[in-house]
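There are 2 protein chains.
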Amino acid sequence: MDYQKQLQNYFAEADENCLPGLSIDCVIFGFSNNQLKVLLLRWKYTEEWGLPGGFIYKTESVDVAAQRILKERTGINKLFLQQFHTFGDDVRYNREEISRKLHWPDPATRRWPNRTVSIGYFALVDFSKVTPTADFLTDECRWWDVENLPSLLFDHNHVIEVALKTLRVQLSWQPVGYNLLPEKFTMPELQRLYETILNRPLDPRNFSKKMRALGIIERLEEQRRGGAYKSPYLFRFDKEKYKKALKEGNLAFS
Amino acid sequence: MDYQKQLQNYFAEADENCLPGLSIDCVIFGFSNNQLKVLLLRWKYTEEWGLPGGFIYKTESVDVAAQRILKERTGINKLFLQQFHTFGDDVRYNREEISRKLHWPDPATRRWPNRTVSIGYFALVDFSKVTPTADFLTDECRWWDVENLPSLLFDHNHVIEVALKTLRVQLSWQPVGYNLLPEKFTMPELQRLYETILNRPLDPRNFSKKMRALGIIERLEEQRRGGAYKSPYLFRFDKEKYKKALKEGNLAFS
DNA sequence: CCAAAAGTGTTAAACGTACACCCATGT
DNA sequence: ACATGGGTGTACGTTTAACACTTTTGG
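Right under this line is the structure:
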């Protein structure tokens, strides 16, 4: 089997060139169809899903490694990426269980350390600009609703939960809308993004008022045609004002 | 020199029993004399100060290691301790510079990895309950004003800055007063704690009003006698209500 | 013409902020 | 008696929260 050899090579290289016992996990958030999504990978020849992750080269900063891993494993480049927690429990997974689930032969398994400390990053991306692509370790790469995840490998369900919690807390200071939405969007779309992340309904009149009062978005003449029912106006973020407001911490949303 | 041998033993043990290339740094905050303080250690036979830190045993969770290190190196036990950031730059210190500053012989130095990823924790402690004690690696352990730190070893000045920033942001959700103040305290003391962390003056009338409105502190009949001038009332945190308010995120302070 | 989503304004309550004087105490 | 820090209330402006009807559109 060619795949087994690739696996062995991968771990052998990591062993030689990467920091031992340390890894990175990336939680990539996107928003589409009024749902917050996470990008997951399905490992080759299995039905097992997990977060994209990888190792850190010995001469590479952890932040740079996170960007590289994202790029290598999902094709996504240069985006909003933030460290949110380091997962250091002594038992985060069972090596034998993982090895069984992934159909790994013993030699490959043994290369996987018994214990790994993992640094968690989350990314916010424009769903419409991502073309999920599987890499040599995986068969499939696709978006999953945050609300409806399968049981994942390792402690990845927990990692996603912590990322979500961080995202909620940081809603007020992070350019969430700016990174998760396409360039042009409607007010209801923005509202549903906030509702999804905050996990509670918001009043459309108050929401619209507040968002527009922040002065970080502008309404275009254009309307979104083609959908059924009344055509909503399109909006666009004013990048400069958004950044300025973020710096001043003006984007709290209670 | 006995110390050199101890050093070598220490690193040899760490090499054998600890996770390689990973360390923990602890930023311990205290409050006294209207100043926010950090606990620092002076390395033996030098004038070089740094944060208490250490390594993680191979069978120990990172959180537990942080508590153990704190206890071992400062005598402080069982307190508020929170991971705040992982420092993963590829060049966080110069091994030769460190070795020179600490008067380390080559063999000991070579045991120190060329690169270490460090997980930062910050602790909030009751200043009055801590008896700073140096350990076998250090000559002295004492509090320093956050506003007036010396140039520290490694990237520890930067680590403290990030911890402070985190502390400021989290003032609203963390039991800062509860952990940094003695059981009984006066309103001006609490106010100065907040002023110090937020780094700006607050109006005493508004501060008192707001704090008491939160319903998490109770005024005792007792007053603090002995100081000159008018005797201030003593207050105490209502632990239950404090925890409840924290859960509900009601402790924002703008 | 109908169903469904988009869009919008007013009011009351809560909260934040600015501001100044008297009081208690030890020396 | 006095110097010093402790203690307190009011008024104004801003922000939030609650609330319902009309408009637009495609089918």
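Residue numbers (UniProt numbering), protein chains in the order written: chain Z, 1 to 254; chain X, 1 to 254.
Where is the CB? At the ideal position from N, CA and C, for every residue including glycine.
Check: If you pair each beta-carbon of the segment 58-70 of chain Z with each one of the segment 10-28 of chain Z, do three or more pairs fall below 8 Å?; Outcome: yes
Check: On the three-state DSSP scale, how would you describe X/T186?; Outcome: coil
Check: Count the other CB atoms, across all protein chains shown, that sit within 10 Å of the CB of Z/A123; report buried if there are 16 or more and exposed otherwise.; Outcome: buried
Check: Count Cβ pairs between the segment 81-98 of chain X and the segment 177-191 of chain X that sit closer than 8 Å; are there 3 or more?; Outcome: no
Check: Applying a beta-carbon distance threshold of less than 7 Å, which residues of chain X neighbour Z/E161?; Outcome: Those within 7 Å of Z/E161 in chain X number zero; the least Cβ separation is about 16 Å.
Check: Distance check for X/F127 and X/W43, CA to CA, integer angstroms please.; Outcome: 22 Å
Check: Name the chain X residues whose beta carbon is nearer than 8 Å to that of Z/S128?; Outcome: Those do not exist, as Z/S128 stays about 31 Å from chain X at its closest Cβ, beyond 8 Å.
Check: Per DSSP, what kind of secondary structure is X/F207 in: helix, strand or coil?; Outcome: helix
Check: Please report whether the beta-carbon of X/L19 lies at a distance below 8 Å from any beta-carbon of chain Z.; Outcome: yes
Check: How is the alpha helix (DSSP H) around residue 260 of chain X delimited, first residue to last?; Outcome: In this structure chain X extends from 1 to 254, so residue 260 of chain X is not present and cannot be described.
Check: Would you say Z/D25 lies against chain X (beta-carbon separation less than 8 Å)?; Outcome: no
Check: Any beta carbon of chain X sitting closer than 8 Å to that of Z/E16?; Outcome: no
Check: Which chain Z residues are close to X/T86, counting only those with a beta carbon under 8 Å from its beta carbon?; Outcome: V62, Q83, T86 and I119
Check: Suppose the cutoff is 7 Å on Cβ atoms and the five residues either side in sequence are ignored; what does the same chain contact list for X/D15 look like?; Outcome: R111
Check: Starting from X/T59, find everything on chain Z with Cβ-Cβ shorter than 7 Å and list it in chain order.; Outcome: D90
Check: Please work out which residues of its chain come closer than 7 Å, Cβ to Cβ, to X/E189, disregarding the five sequence neighbours upstream and downstream, and give them in chain order.; Outcome: L181
Check: For the segment 22-54 of chain X, which residues have a CB atom closer than 7 Å to at least one CB atom of chain Z, in sequence order?; Outcome: L22
Check: Judging by CA-CA distance, which residue of Z/E221, Z/R225, Z/S151 and Z/E240 is the nearest neighbour of Z/G215?; Outcome: Z/E240
Check: Let me see if you follow: with CB-CB separation under 8 Å, is Z/R115 close to chain X or not?; Outcome: yes
Check: Rounded to the nearest angstrom, how far is the Cβ of Z/V125 from that of Z/L198, given a contact under 8 Å?; Outcome: The pair is not a contact, with the Cβ atoms about 20 Å apart (cut-off 8 Å).
Check: Using 10 angstroms around the beta-carbon of X/S151, count the other beta-carbons present and answer buried if the total reaches 16, otherwise exposed.; Outcome: exposed
Check: Would you call Z/F136 buried or exposed, if buried means 16 or more other Cβ atoms sit within 10 Å of its Cβ?; Outcome: exposed
Check: So, helix, strand or coil for X/H156, using DSSP?; Outcome: helix
Check: So, is Z/R205 buried or exposed, given that buried needs 16 or more other C-beta atoms within 10 angstroms?; Outcome: exposed
Check: DSSP beta-bridge partners for Z/K44?; Outcome: In the DSSP output, where bridge partners are listed per residue, Z/K44 has none listed.
Check: List the endpoints of the continuous alpha helix (DSSP H) containing Z/E72.; Outcome: V62 to T74
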